[in-house]
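Counting from 1 along the sequence shown, just add 37 to a position and that's the residue number in my numbering. Don't be surprised by glycine CBs; every beta carbon is placed ideally from N, CA and C. Only a predicted model underlies this, so the values are computations on that prediction, with no experimental measurement involved. Report on one structure; see the data block that follows.
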Amino acid sequence: MTDLNTLTITGARAALDAGELTSVELTEALLSRIERTDPSVKAFLTITADAAREQARAADAGRGDPASGPLHGIPLAIKDVICTEGVRTTCGSRILENFTPPYSATVIERLRASGAVMLGKLNCDEFAMGSSTEASAYQTTGNPWDLSRVPGGSSGGSAAAVAAGLALGTLGTDTGGSIRQPAALCGVSGLKPTYGRVSRYGLIAYGSSLDQIGPMAWTAADLALMLQVIAGQDPRDGTSAAAPVPDYSAALSGDLRGLRVGVPGEYFVEGMEPGVERATREAIDALRDQGAEIVEVSLPYTKYALPTYYIIAPAEASANLARFDGVRYGPREPGDSMWDQIELTRGHRFGVEVRRRIMLGTYALSAGYYDAYYKRAQQVRTLIKRDFERAFTQVDLLAAPTSPTVAFPIGQRTDDPLAMYLSDVCTLPINLAGVPGLVVPCGFSESLPVGLQLIGRPFDEATLLRAGDAYQRVTDWHTRRPQL
Ligand code: GLN
Numbered sequence: 038m039t040d041l042n043t044l045t046i047t048g049a050r051a052a053l054d055a056g057e058l059t060s061v062e063l064t065e066a067l068l069s070r071i072e073r074t075d076p077s078v079k080a081f082l083t084i085t086a087d088a089a090r091e092q093a094r095a096a097d098a099g100r101g102d103p104a105s106g107p108l109h110g111i112p113l114a115i116k117d118v119i120c121t122e123g124v125r126t127t128c129g130s131r132i133l134e135n136f137t138p139p140y141s142a143t144v145i146e147r148l149r150a151s152g153a154v155m156l157g158k159l160n161c162d163e164f165a166m167g168s169s170t171e172a173s174a175y176q177t178t179g180n181p182w183d184l185s186r187v188p189g190g191s192s193g194g195s196a197a198a199v200a201a202g203l204a205l206g207t208l209g210t211d212t213g214g215s216i217r218q219p220a221a222l223c224g225v226s227g228l229k230p231t232y233g234r235v236s237r238y239g240l241i242a243y244g245s246s247l248d249q250i251g252p253m254a255w256t257a258a259d260l261a262l263m264l265q266v267i268a269g270q271d272p273r274d275g276t277s278a279a280a281p282v283p284d285y286s287a288a289l290s291g292d293l294r295g296l297r298v299g300v301p302g303e304y305f306v307e308g309m310e311p312g313v314e315r316a317t318r319e320a321i322d323a324l325r326d327q328g329a330e331i332v333e334v335s336l337p338y339t340k341y342a343l344p345t346y347y348i349i350a351p352a353e354a355s356a357n358l359a360r361f362d363g364v365r366y367g368p369r370e371p372g373d374s375m376w377d378q379i380e381l382t383r384g385h386r387f388g389v390e391v392r393r394r395i396m397l398g399t400y401a402l403s404a405g406y407y408d409a410y411y412k413r414a415q416q417v418r419t420l421i422k423r424d425f426e427r428a429f430t431q432v433d434l435l436a437a438p439t440s441p442t443v444a445f446p447i448g449q450r451t452d453d454p455l456a457m458y459l460s461d462v463c464t465l466p467i468n469l470a471g472v473p474g475l476v477v478p479c480g481f482s483e484s485l486p487v488g489l490q491l492i493g494r495p496f497d498e499a500t501l502l503r504a505g506d507a508y509q510r511v512t513d514w515h516t517r518r519p520q521l
């Protein structure tokens with residue numbers, strides 16, 4: 038009998054293919070678990086139970102159809118910044134309260150075409166700005182390992198849903214760490230693909246030169262199945278790349294011999310919790326035991342990544358969020374003139390963090406300051422990118438911590454934006470460079486999960502997934518489940 042509480046996508050695939058399980062049974066089991074558990078976890082903003090049942094029935098009817106993909110009949114859930122036709126999409130913001138997109142993102146179309154079942158939409162920080170999911174206008178998601186702590190963010194709902202067993206896989210987005218940091222804090226696996234690897238058509242933009250959509254699930258093998266479906270060029274997204282998409286599952290050889298892994302000293306930052314450092318270093322030792330060659334490398338511009346990111350990301354956000362004026366999307370506040378309406382709608386319906394980002398970004402882009410801030414930040418960004426290019430002439434991938442701390446208590450950092458921003462200090466540089474990053478669970482510190490971050494060459498997600506999968510063949514952190 039299949040244990041539905043510990044099921045992975047790979048496990049469910051095998052059970053579905055063997056006829057031991059139907060998609061309807063699996064979907065019903067997850068829906069009832071959502072009904073029981075989500076009132077305390079609060080991962081979901083919208084549950085699409087009827088549509089999920091319908092899709093599961095269709096998947097069962099189409100079983101064995103040669104066109105069906107690896108996700109056929111697999112229940113998934115989606116971060117609420119990705120457009121879903123006919124299903125409310127809020128970005129965790131009151132400014133998109135009850136906004137129902139007239140079309141679906143390319144990633145949603147691809148998942149549906151492969152036969153995946155959609156359970157609903159997941160909580161996140163408003164417009165993906167944050168590291169704890171506390172900036173959602175709707176609810177605060179709890180970390181399934183300790184409900185008094187944050188799940189990380191901004192894809193906190195996506196990480197918590199996997200960790201709590203409410204979906205077998207989820208989509209998140211990552212602009213500065215929003216897939217990897219919550220994956221680490223919730224003890225699950227998550228992949229930020231290379232910039233351009235996955236279409237962003239239908240993603241509501243935050244920082245357009247940084248944003249990527251990526252999968253979250255228990256294992257690297259599961260991420261490989263999901264990436265296979267969503268990766269590849271899309272004529273509707275001019276930033277999606279033509280790079281060929283390899284067979285990710287076929288790349289999971291389990292073999293790390295000869296792989297050169299660089300450890301950047303700069304990522305073991307001051308203030309890192311000793312338990313996080315210990316778990317990370319033990320994971321790197323485990324890679325060495327499997328035949329990888331570990332070398333020290335230096336990425337000297339790392340210390341400039343945080344200030345650089347907090348100019349570029351807010352600058353892009355201030356431009357992207359200009360479209361939310363109460364005229365084109367979502368609700369509108371009443372006012373005497375059009376300008377009053379716009380001002381009241383934006384003033385009342387954007388939360389405090391989003392307004393802070395808009396002001397920071399507008400300032401950095403304003404005449405007289407543009408050269409000193411935005412232009413200089415772009416120049417430093419190039420230096421950060423070159424750090425990675427140089428490192429990748431010596432090594433095949435990098436191994437580093439994901440976040441300096443484990444999941445912190447709800448409320449601890451909400452009044453201190455800088456403390457919040459610092460939780461992404463090890464993940465932001467990867468977005469500035471545009472390279473891919475994978476997180477796999479690598480242990481616990483004070484009973485809370487720690488994640489190992491692996492960073493790869495552009496478009497070489499296959500090597501990352503191979504390393505993450507090989508690590509998971511000899512460790513069992515990804516098999517631990519929180520008691521809920
Ligand atoms: N925490 C970072 C920010 O607030 C990153 C968020 C993200 O990756 N979407 O910008």
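### Message
Below 7 Å, is the gap between the Cβ of Asp373 and the nearest heavy atom of ligand 1?
### Response
no
### Integer-rounded CB distance, given that Leu228 should sit under 8 Å from Leu203
The pair is not a contact, with the Cβ atoms about 20 Å apart (cut-off 8 Å).
### Query
Between which two residues does the alpha helix (DSSP H) carrying Ile71 extend?
Ser60 to Val78
### Query
For Ala197, does the three-state DSSP call read helix, strand or coil?
Look at Ala197 here: in three-state DSSP terms it is helix.
### Query
Of all the options Ser246, Ala354 and Thr126, which has the alpha carbon lying nearest to the alpha carbon of Tyr400?
Ala354
### Message
Classify Ser102: buried if its beta carbon has 16 or more other beta carbons within 10 angstroms, exposed otherwise.
### Response
Correcting the residue type first, residue 102 is Asp in the shown sequence and not Ser. Counting Cβ neighbours within 10 Å, Asp102 comes out exposed, since fewer than 16 surround it.
### Message
What would DSSP say about Arg100, mapped onto helix, strand or coil?
### Response
coil
### Segments of 3+ residues assigned as beta strand (DSSP E) that fall wholly inside the stretch 294 to 325
297 to 301
### Task
Go to Gly48, then tell me how far its alpha helix (DSSP H) extends in each direction, as first and last residue.
Ile46 to Asp54
### Query
Relative to ligand 1, is the shortest distance from any of its heavy atoms to the C-beta of Thr212 smaller than 7 Å?
yes
### Message
Looking at the strands, I want to know which residues DSSP matches up with Leu475.
### Response
In the DSSP assignment, the residues bridged to Leu475 are Leu228 and Leu491.
### Query
Any heavy atom of ligand 1 closer than 7 Å to the CB of Ser141?
no
### Task
Would you kindly report the start and end of the unbroken beta strand (DSSP E) that includes Val154?
Val154 to Leu159
### Query
ligand 1 heavy atoms versus the CB of Gly167: any closer than 7 Å?
yes
#### Entry: Residues near Phe305 by beta carbon distance below 7 Å, same chain, minus five either side
Glu314 and Pro438
### Tyr243 beta carbon near ligand 1 (any heavy atom closer than 7 Å)
yes
### Task
Answer yes or no: do Leu58 and Leu156 have a C-beta to C-beta separation smaller than 8 Å?
no
### Task
Find out if the Cβ-Cβ distance for the pair Ser191, Ser215 is shorter than 8 Å.
Ser215 sits close to Ser191, with the two beta carbons spaced by under 8 Å.
### Task
Give me the Cα-Cα distance between Gly372 and Thr382, rounded to the nearest whole angstrom.
9 Å
#### Entry: His515 burial status per 10 Å Cβ neighbour count (16 or more: buried)
buried
### Query
Pick from Asp75, Thr212, Thr276 and Ala280: whose alpha carbon is nearest that of Val118?
Thr212
### Task
Could you check which residue in Leu489, Asp497, Leu521 and Met309 has the C-alpha nearest to that of Thr256?
Leu489
### Task
Following the continuous beta strand (DSSP E) through Val266, name the residue where it begins and the one where it ends.
Taken as a continuous stretch (DSSP letters only), Val266 belongs to no beta strand (DSSP E), being part of the alpha helix (DSSP H) at Ala257 to Ile267.
### Query
Within 10 angstroms of its Cβ, does Trp182 collect 16 or more other Cβ (buried), or is it exposed?
Its Cβ being crowded by 16 or more others within 10 Å, Trp182 is buried.
### Message
Less than 8 Å between the beta carbons of Ala86 and Leu159, yes or no?
### Response
no
### Query
Just to check, is the beta-carbon of Ser191 closer than 7 Å to a non-hydrogen atom of ligand 1?
yes
### Query
Can you tell me where the alpha helix (DSSP H) with Ile395 in it begins and where it stops?
Taken as a continuous stretch (DSSP letters only), the alpha helix (DSSP H) holding Ile395 covers Val389 to Leu402.
### Any non-hydrogen atom of ligand 2 closer than 7 Å to Ala350 Cβ
Although ligand 2 was asked about, the structure shown includes only ligand 1 as ligands.
#### Entry: Own chain residues within Cβ distance below 7 Å of Ala165, not counting five before or after
Val118, Ser191, Thr210, Thr212, Ser215 and Tyr243
### Task
List the whole-angstrom C-beta distance separating Gly189 from Pro230, where the pair is believed to meet the contact cut-off of C-beta under 8 Å.
Rounded, the Cβ-Cβ distance is 19 Å, inconsistent with contact.
### Query
Roughly how many whole angstroms lie between the Cα atoms of Thr512 and Pro486?
14 Å
### Task
Identify, in the order they occur along the chain, each residue of the same chain with its Cβ nearer than 8 Å to the Cβ of Ile349, setting aside the five sequence neighbours on each side.
Gly244, Ser246, Leu247, Tyr411, Ala414, Gln415, Arg418 and Leu469
### Message
Using the three-state DSSP reduction, which class does Glu57 fall into: helix, strand or coil?
### Response
coil
### Task
Report yes if the CB atom of Thr170 is closer than 8 Å to the CB atom of Gly206, and no otherwise.
Thr170 places its beta carbon 8 Å or farther from that of Gly206.
### Message
For Arg365 and Thr430, what's the separation of their Cα atoms in angstroms?
### Response
48 Å
### Query
Taking Asp452 as the reference, which of Arg393, Asn42 and Val334 has the closest Cα?
Arg393
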